[in-house]
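>
Residue numbers (UniProt numbering), protein chains in the order written: chain A, 1 to 140; chain E, 1 to 214.
#1: If we ignore side chains and look at the alpha-carbon of each, how far apart do residue 78(A) and residue 141(E) end up?
#2: By Cβ distance below 8 Å, which residues in the same chain neighbour residue 118(A) in space, the five residues on each side in sequence not counted?
#3: In the DSSP assignment, the alpha helix (DSSP H) including residue 72(A) goes from what residue to what residue?
#4: Which residues of chain A have a Cβ atom closer than 7 Å to the Cβ of residue 13(E), listed in chain order?
#5: When the cut-off is 9 Å and only beta carbons count, does residue 101(A) lie next to chain E?
#6: Just to confirm the assignment, what range does the alpha helix (DSSP H) spanning residue 204(E) have?
#7: List the residues of chain E that residue 125(A) touches, going by C-beta distances under 9 Å, in chain order.
#8: If you scan the stretch 90 to 122 of chain A from start to end, which runs of the beta strand (DSSP E) of 3 or more residues do you find wholly inside it?
#9: Quick one: is residue 43(E) near chain A, going by C-beta distance under 9 Å?
#10: For residue 82(E) versus residue 113(E), is the C-beta spacing smaller than 9 Å?
#11: Go ahead and label residue 39(E) buried or exposed: buried means 16 or more other beta carbons lie within 10 angstroms of its beta carbon, across all protein chains shown.
#12: How would you list, in chain order, the residues of chain E whose beta-carbon sits under 8 Å from the beta-carbon of residue 63(A)?
#13: Can a CB atom of chain E be found closer than 9 Å to the CB of residue 134(A)?
#14: Quick one: list the residues of chain E neighbouring residue 74(A), beta-carbon separation under 8 Å, in chain order.
#15: By Cβ distance, which residues of its chain are closer than 7 Å to residue 47(E), with the 5 residues on each side in sequence left out?
#16: Within the continuous beta strand (DSSP E) that includes residue 85(E), where are the two ends?
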């Protein structure tokens with residue numbers, strides 16, 4: 001068997017394995033970045049998040065709410081297109097204190113914050129344009 | 001006419017805005033609705049078996065052979081059509097779970113088989129096109145949604161009582177168990193707690209109750 005050993009081939013294989021592992025790691029990191037475009041917020045992170053972004057867009061949702069699931073990809077799309085805006089989502093069932101503080105009565109509700117203060121809101125699964133027009137206004 | 005339990009594997013509310021399936025959106029506004037929650041592993045066979053056995057079943061492969069009729073089929077005396085618990089699918093039609101069959105061919109044949117049986121017996125059927133085809137060709141998603149939407153329009157206008165659901169959301173990769181966690185539930189019958197998510201065994205129980213009333 002020892003006569004089959006080829007150090008050059010082994011070196012090449014090692015390099016190739018390292019290359020594949022790096023590519024895979026890169027793909028995982030890329031996927032993670034995509035998922036984190038919209039931050040999952042709770043009572044511990046919410047206040048800091050809206051204060052640390054000049055403009056923030058927060059999607060109040062719940063798992064049982066079908067229109068919330070409809071709206072989610074639009075929020076994700078906008079988060080990709082407006083990296084200067086902070087996009088977050090709050091599960092209203094798990095964070096009732098935050099929902100109550102902003103008077104969220106129906107889902108989905110999207111609240112727009114400027115300098116940490118709520119300035120506008122949209123209720124229901126609306127087309128992208130309805131949200132985008134408000135973001136553009138706040139970024140002026 | 002008897003009730004219909006129809007699955008559309010991979011159908012997701014998350015594509016309703018993008019693909020604009022007009023009949024499904026009308027149904028969304030007029031039917032009783034809910035969100036099916038199904039966390040990984042979300043294999044078609046174990047997901048469907050959780051409905052058919054009315055209890056959580058785990059697993060990440062197709063059954064080689066189903067010796068005994070699943071409980072829900074037995075207890076409702078339903079006709080099974082194209083159920084992806086085996087590969088090829090279980091019951092009438094028996095299509096392979098791969099990307100060779102077009103969405104239109106599958107939908108047309110499933111609808112024809114459902115309408116042939118529904119006058120006499122409850123039917124439990126499935127359309128697998130979204131799950132089979134979107135995982136290999138994401139670009140074709142809205143075309144497939146249109147085929148599904150057109151087919152459902154033709155079918156559900158002729159049906160009195162139905163539960164239309166997807167056991168999980170859209171495929172997220174080409175892996176069999178990798179889907180969005182949230183599926184669709186649209187029905188002519190209300191659920192006891194509409195502010196709760198829908199679990200797979202609950203779908204079986206709701207259909208069993210519906211069938212017993214027909």
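Don't be surprised by glycine CBs; every beta carbon is placed ideally from N, CA and C. Being a predicted model, the structure only gives us computed values, none of them experimental.
With the structure as the only source:
#1: 21 Å
#2: 102, 111 and 112
#3: 66 to 81
#4: 66, 69 and 70
#5: no
#6: 200 to 213
#7: 13, 16 and 17
#8: 109 to 114
#9: no
#10: yes
#11: exposed
#12: 35, 37, 182 and 197
#13: no
#14: 17
#15: 38, 167, 168 and 200
#16: No beta strand (DSSP E) holds residue 85(E); DSSP gives it neither H nor E.
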